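Written out below as structure tokens is the structure these notes cover.
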Amino acid sequence: MQTVKGIVARAKGRPVTLEEINVPDPGPGEAVVEIQACGVCHTDLHYRDGGINDDFPFLLGHEAAGVVEAVGEGVTNVKPGDYVILNWRAVCGDCRACRRGEPWYCFSTFNATQKMTLSDGTELTPALGIGAFIEKTLVHAGQCTPVDPAASPAAAGLLGCGVMAGIGAAINTGAVGRGKSVAVIGCGGVGCAAVAGSALAGAGTIIAVDVDDRKLEWASGLGATHTVNSRGRDAVEAIHELTGGFGADVVIDAVGIPETWKQAFYARDLAGTVVLVGVPHPDAKVPEIPLLDVFGRGGSLKSSWYGDCLPSRDFPMLIDLYLQGRLDLDAFVSERIGIDDVEAAFQKMSDGDVLRSVVIL
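Quick note: the sequence shown uses UniProt numbering, first residue 1, plus one each step.
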């Protein structure tokens, strides 16, 4: 066992604190990873504010890259010294999704068996089974995906959650392809990643929608062909106007509130696809829409879990595209901060001042 420093949320809505944390030596199937960088994601803020569950105290952080320090018995997929991105979909290979050949939906993903603890022995709940606002973390070995070590940790780690969620929402869930029209509602980190993924897939028209001109500028830099500030213009009308009156083939809701989901529903073309990737508040309800409209418009209404990604397939591919200059992951890194700056980063994120603050360890 070793003792390191990490960021903990002790109670709902309270500021996070830097604590001493005990990290066990890896047991069977586990790995200890020395964290090099970890992005500050909205999901961490949801944990802090009690929007996920009440299993406090939480060890926050999950968008991380680092180097494997040690592995436990039976681990064969990684070894000490491997440069890895951490993931929260450690595919089991045996659940009903995996057995039917859809491991990107794995319903029984693995986490470490042992618990990291505070210095007084209190067990911690790691965010998304990772807990990476910490110098070293304990995870299941299946949560480690080796990638090319030439990739910057600050950029690479973002594939661990938000950027992968957005890119995957476009490419994997929405099946965006050459010449398709796409609208993305909400252009924070996940929405901008959906824009970048749509551009990467060869979409012809990519419409970015937000109420903040700064975010629309970020989206333009990542591949949006048109922008709509919906504070002063009806988003549905604008998307129809920009797609010849038809609506977009794929509309991605990266906000996750009833109003934006309803906009996405009506902004798509006949037989078009709606993808919900923004995480809704637990109290949010599907807006009232006539069932005849659901039937009459056809198409698909989908939710995107983690961009429906398969880490072993998608992380190395996207890192290769990044190193080839075809995917600008660096554009998502708004600032590099220290581990004790996480609380301030939450405020910047809430204010819309950053795409991602990244903790450098």
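Each residue gets a CB set at the ideal place from its N, CA and C atoms; glycine is no exception.
Just so it is clear, the structure is predicted and the values come from calculations on it, not from any experiment.
Helix, strand or coil for residue i, going by three-state DSSP, please let me know.
{"i": "Asn172", "result": "helix"}
{"i": "Phe58", "result": "strand"}
{"i": "Val195", "result": "helix"}
{"i": "His281", "result": "coil"}
{"i": "Pro311", "result": "helix"}
{"i": "Leu323", "result": "helix"}
{"i": "Ala201", "result": "coil"}
{"i": "Val16", "result": "coil"}
{"i": "Lys5", "result": "strand"}
{"i": "Ser220", "result": "helix"}
{"i": "Ile289", "result": "coil"}
{"i": "Glu69", "result": "strand"}
{"i": "Cys161", "result": "coil"}
{"i": "Gly166", "result": "helix"}
{"i": "Val275", "result": "strand"}
{"i": "Gly142", "result": "helix"}
{"i": "Ala331", "result": "helix"}
{"i": "residue 368", "result": "No statement about residue 368 is possible, as the shown extent of the chain runs from 1 to 361 and does not include it."}
{"i": "Ala344", "result": "helix"}
{"i": "Glu34", "result": "strand"}
{"i": "Ala112", "result": "coil"}
{"i": "Ser303", "result": "strand"}
For residue i, collect the residues of the same chain with a Cβ closer than 6 Å to its Cβ; drop the 5 residues on either side in sequence, then sort them by chain order.
{"i": "Pro126", "result": "Leu59"}
{"i": "Ala196", "result": "Leu222 and Gly223"}
{"i": "Phe246", "result": "Asp269"}
{"i": "Val279", "result": "Gly256"}
{"i": "Gln143", "result": "Leu86, Asn87 and Ala90"}
{"i": "Thr273", "result": "Gly174, Val250, Gly299 and Ser300"}
Going by C-alpha distance, which of the options is nearest residue i?
{"i": "Thr145", "options": "Ala170, Ile21 and Gly81", "result": "Gly81"}
{"i": "Gln2", "options": "Lys115, Asn77 and Trp104", "result": "Lys115"}
{"i": "Ala37", "options": "Gly101, Ile339 and Arg100", "result": "Ile339"}
{"i": "Leu18", "options": "Asp49, Gly204 and Val4", "result": "Val4"}
{"i": "Gly27", "options": "Arg14, Ile185 and Gly74", "result": "Gly74"}
{"i": "Ala150", "options": "His46, Asp49 and Ile85", "result": "Ile85"}
{"i": "Met349", "options": "Lys12, His42 and Asp253", "result": "His42"}
{"i": "Thr173", "options": "Ala201, Val209 and Asp148", "result": "Ala201"}
{"i": "Ala267", "options": "Ala284, Val236, Leu291 and Leu329", "result": "Val236"}
{"i": "Gly307", "options": "Leu291, Val163, Leu321 and Thr205", "result": "Val163"}
{"i": "Asp54", "options": "Ser334, Val67, Trp218 and Leu124", "result": "Leu124"}
{"i": "Ala203", "options": "Leu323, Ser181 and Leu318", "result": "Ser181"}
{"i": "Val32", "options": "Val78, Arg326, Ile206 and Ile52", "result": "Val78"}
{"i": "Trp218", "options": "Val71, Asp49, Leu242 and Gly352", "result": "Gly352"}
{"i": "Leu290", "options": "Pro316, Ile252 and Lys262", "result": "The displayed chain sequence assigns Pro, not Leu, to residue 290. With distances taken between Cα atoms, Pro290 lies closest to Lys262."}
{"i": "Ala264", "options": "Thr225, Ile319, Phe332 and Ile185", "result": "Ile185"}
{"i": "Val67", "options": "Lys136, Arg233 and Trp104", "result": "Lys136"}
{"i": "Asp234", "options": "Gly93, Thr225 and Glu259", "result": "Glu259"}
Let me know if residue i comes out buried or exposed under the rule of 16 or more other beta-carbons within 10 Å of its beta-carbon.
{"i": "residue 382", "result": "No information on residue 382 is available, as it lies outside the stretch 1 to 361 that the chain covers here."}
{"i": "Ser119", "result": "exposed"}
{"i": "His281", "result": "exposed"}
{"i": "Val294", "result": "exposed"}
{"i": "Pro15", "result": "exposed"}
{"i": "Val286", "result": "exposed"}
{"i": "Ala11", "result": "exposed"}
{"i": "Gly168", "result": "buried"}
{"i": "Thr76", "result": "exposed"}
{"i": "Ala345", "result": "buried"}
{"i": "Gly325", "result": "exposed"}
{"i": "Gly232", "result": "exposed"}
{"i": "Gly93", "result": "exposed"}
{"i": "Arg100", "result": "exposed"}
By Cβ distance, which residues of its chain are closer than 7 Å to residue i, with the 5 residues on each side in sequence left out?
{"i": "Arg297", "result": "Leu270"}
{"i": "Ala112", "result": "Glu30, Leu138, Val139 and His140"}
{"i": "Arg336", "result": "Ala154, Val358 and Ile360"}
{"i": "Cys95", "result": "Cys106, Phe107 and Ser108"}
{"i": "residue 373", "result": "Beyond the ends of the chain as shown, which are 1 and 361, falls residue 373; an answer cannot be given."}
{"i": "Asp212", "result": "Gly352"}
{"i": "Leu292", "result": "none"}
{"i": "Val71", "result": "Pro26, Ala31, Val78, Lys79, Pro80 and Ala141"}
{"i": "Cys98", "result": "Val91, Cys92 and Cys106"}
Roughly how far, in whole angstroms, is the beta-carbon of residue i from the beta-carbon of residue j, given that I think they are within contact range, below 8 Å?
{"i": "Ala165", "j": "Val190", "result": "5 Å"}
{"i": "Gly157", "j": "Ala65", "result": "4 Å"}
{"i": "Ser300", "j": "Val277", "result": "Actually they are not in contact, since the Cβ atoms of Ser300 and Val277 sit about 14 Å apart, beyond 8 Å."}
{"i": "Ala132", "j": "Gly61", "result": "4 Å"}
{"i": "Val20", "j": "Glu69", "result": "Strictly speaking, residue 20 in this sequence is Glu, with Val absent from that position. With 8 Å as the limit, Glu20 and Glu69 do not qualify as a contact, their Cβ atoms being about 18 Å apart."}
{"i": "Ala183", "j": "Ala254", "result": "Going by Cβ atoms, the distance from Ala183 to Ala254 rounds to 11 Å, so no, they are not a contact pair."}
{"i": "residue 404", "j": "Val40", "result": "In the structure as shown, the chain starts at 1 and stops at 361, and residue 404 therefore has no counterpart that could be examined."}
{"i": "Asp330", "j": "Ser152", "result": "7 Å"}
{"i": "Ile134", "j": "Gly6", "result": "3 Å"}
{"i": "residue 362", "j": "Val147", "result": "Since the displayed the chain opens at 1 and closes at 361, residue 362 lies outside it and no answer follows."}
{"i": "Gly13", "j": "Gly51", "result": "Wrong, their Cβ atoms sit about 10 Å apart, outside the cutoff."}
{"i": "Leu327", "j": "Leu318", "result": "6 Å"}
{"i": "Gly225", "j": "Ile239", "result": "The sequence shown places Thr at residue 225, rather than the Gly named in the question. About 12 Å; that fails the 8 Å criterion."}
Quick one: what's got a C-beta closer than 8 Å to residue i's C-beta in the same chain, skipping five residues either side?
{"i": "Leu128", "result": "Thr43, His62, Trp88 and Cys161"}
{"i": "Thr122", "result": "Pro57"}
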